[in-house]
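Residue numbers (this note's numbering): 21 to 135.
Where a beta carbon is used, it is the ideal one built from N, C-alpha and C, also for glycine.
Here the structure is a predicted model, which means the values were calculated and not measured.
Structure first, then comments.
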């Protein structure tokens with residue numbers, strides 16, 4: 021009867037939830053991204069005003085969070101593809117940690133300005 025709860029403590033369930041949440045948060049970011057693109061079409065002045073806003077410290081931290089979200093979504097999405105198409109059962113659990121590590125590393129590289 022408690023089988024459903026014990027599954028939620030599994031690392032695979034955490035990876036599933038993080039993958040879903042990162043996808044939702046990225047989808048919520050898209051309107052702001054489209055707004056910036058639209059401002060670029062409106063002319064240089066409108067875009068320059070937006071870029072001044074983008075230089076604020078909390079916006080820079082948000083950009084770092086966006087890079088981490090993209091990395092998490094990519095690595096955990098690749099994990100889902102591996103689960104679906106490859107027969108490597110024993111190795112998969114370790115990939116969760118590696119995927120999270122790659123995502124954080126990508127965020128750190130972004131924040132220090134590499135790339």
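Here the alpha carbons of residue 49 and residue 86 stand approximately 8 Å from one another. In the structure shown, residue 93 falls within a helical segment according to DSSP collapsed to helix, strand and coil. Judged by their CB atoms, residue 32 and residue 116 are nearer to each other than the 8 Å cut-off. Contact between the stretch 38 to 46 and the stretch 83 to 97 is present: 3 or more CB-CB pairs across the two stretches fall below 8 Å. The beta-carbon separation of residue 47 and residue 92, rounded to 14 Å, does not stay under the 8 Å limit for a contact. Taking the Cα of residue 102 as reference, the smallest distance to any Cα among 89, 88, 119, 28 is reached at 119.
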